[in-house]
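Working notes, structure below.
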Amino acid sequence: MFTKNKEDLPLVLEAKDIQSILSIGRRQTYELLEKPPFHVERIGKRGIIKVSRETFFNWLEGGTKQGL
5 MFTKNKEDLP LVLEAKDIQS ILSIGRRQTY ELLEKPPFHV ERIGKRGIIK
55 VSRETFFNWL EGGTKQGL
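Reminder that position 52 of the sequence shown reads as 56 in the numbering used here, one-by-one numbering, no gaps.
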């Protein structure tokens, strides 16, 4: 379960961070990130996913879809 303050998280989140925050499994995390309701960046050939902390928490707290 996620127990940190959001300010303690890195400015750019990875899939493992999102998994921890939402208390969901790896599979559910990657299903969410496949067609995310918020802006993500895919880095490199492996498509490593990065999400702005601000964008993610805006979505989580009921904000509008970002980055489109």
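The beta-carbon is built from N, C-alpha and C at its ideal position, and this holds for glycine as well. These numbers were taken from a predicted model, which means no experiment stands behind them.
request  = Quick one: which unbroken beta strand (DSSP E) runs of 3-plus residues sit fully inside the segment 14-56? Chain order, please.
outcome  = 45-47, 52-56
inquiry  = Just to confirm before moving on: does the CB-CB distance between E45 and K39 stay below 7 Å?
reply    = Position 41 of the sequence shown, counted from the start, is the residue given in the question as residue 45. Position 35 of the sequence shown, counted from the start, is the residue given in the question as residue 39. The answer is no: Cβ separation not under 7 Å.
request  = Look at F42 and K10 and say whether their C-beta atoms are less than 7 Å apart.
outcome  = Locating residue 42 in the sequence shown gives position 38, counting from the first residue. Locating residue 10 in the sequence shown gives position 6, counting from the first residue. The answer is no: Cβ separation not under 7 Å.
request  = State the DSSP-derived secondary structure class of N9, mapped to helix, strand or coil.
outcome  = For this step, residue 9 is matched to residue 5 along the sequence shown. It is coil, neither helix nor strand.
Spatial distance of R30 from Q23 (CA atoms) = Residue numbering aside, residue 30 sits at position 26 when the sequence shown is read from its first letter. Residue numbering aside, residue 23 sits at position 19 when the sequence shown is read from its first letter. If I take the Cα positions, the gap works out to 7 Å.
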